[in-house]
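Residues -22 to -1, 1 to 152 (mature numbering (1 follows the signal peptide of the UniProt record, and there is no 0)) make up the sequence shown, in order.
First the structure, in the form of structure tokens, and then the observations on it.
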Amino acid sequence: MRMRRVAALLIVICILAGCASTDGSLRGSCTESPGEFPKQSQENPPTSRPLRDYCTEGQRELLDQTQEDLPTELVFHDWTETTTSYKTTDGETISGILQALRATTVVSKSSVRSTDRRILKFVTEEGDTCSFEFDGGKFQGADNECYVLSGDNKLWKLVWAIREKDPEYQKLIR
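And the structure:
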């Protein structure tokens, strides 16, 4: 019985240690402090609110940009069993991903965390960056809570297309 407890404790420690991101440059998407978040309670559960309601001020500014002011580069960091990054400078793809983010909604808060992290890091012509971080398929809001999404299928279809077009990825699958 004691061995089971020790094993269970070790599993919990390993899971918790694996969930914390150690790369400070990719945490705190756009580093601004969060604004007011919609109040959630048992009596008032969230009902499909726009993703932007859970974003930092910098993320909201990025989502509000016009077509002429789009970022020039998007880096997709995919941290699962391995750490890989894929980059695109295709304006149509970047625009499509921003449109998909605008169309995505939050349906609920999630207490479940995973070790899969996906980060969309937008880079402007001036070199400024703004990141959207996802824990598994859930959005990590400015308050560091995770939120279940709806309407994000187009977003992930476009993001995975970046990987599919990457020359290094093509070498791996051949």
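Even glycine gets a Cβ: it sits at the ideal position worked out from N, Cα and C.
- Between the alpha carbons of residue 103 and residue 145 lies a gap of roughly 24 angstroms.
- A straight-line Cα-Cα distance of about 21 angstroms links residue 70 and residue 56.
- For residue 134, DSSP assigns no beta-bridge partner whatsoever.
- Every alpha helix (DSSP H) stretch that sits fully inside the region 11 to 98 and reaches 4 residues is listed by chain position as 35 to 41 and 69 to 81.
- Contact between residue 87 and residue 123 holds: CB atoms are separated by about 6 angstroms, below the 8 angstroms threshold.
- Minimum Cα-Cα distance from residue 68 among the listed residues 92, 132, 58 and 53 corresponds to 53.
- Counting the other CB atoms within 10 Å of its CB gives residue 37 a total of 16 or more, which places it among the buried residues.
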